[in-house]
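Numbering (this note's numbering), first residue to last: 24 to 113.
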Amino acid sequence: MNIGTKPPKRSDEPIWWALLSAGGVCFAVVIPGALLSLAVLYPLGLISAEMLSYERVHDMVFEAFFGLGGLAFVGAAILLSAMALSLWVF
């Protein structure tokens, strides 16, 4: 070990890169699905306007996951798994 070397300076740069990559991944996952359903399938008549109504989407999201508690549980599971995988890299 050289006596004259200093330890590397800590930086908050990895936090900003993680936020940037998380936004990029969300953009890459959400936008193609939205474009496919709203710009391709709906005009072709493969998805009806009733399937895209607020009531149907609300019921699908809140009832399919056993209410708001189930939805929060699924979100927490996804968040914790994403955090665990990001810690795996470091």
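Backbone N, C-alpha and C define an ideal beta-carbon position, used for all residues, glycine too.
To the nearest whole angstrom, what separates the beta carbons of residue i and residue j, a pair I think is in contact under 8 Å?
{"i": "Y65", "j": "L58", "result": "With 8 Å as the limit, Y65 and L58 do not qualify as a contact, their Cβ atoms being about 11 Å apart."}
{"i": "R79", "j": "E73", "result": "7 Å"}
{"i": "V84", "j": "L94", "result": "7 Å"}
Quick one: complete alpha helix (DSSP H) runs, 4+ long, within the region 63-103? The qualifying runs are 77-87.
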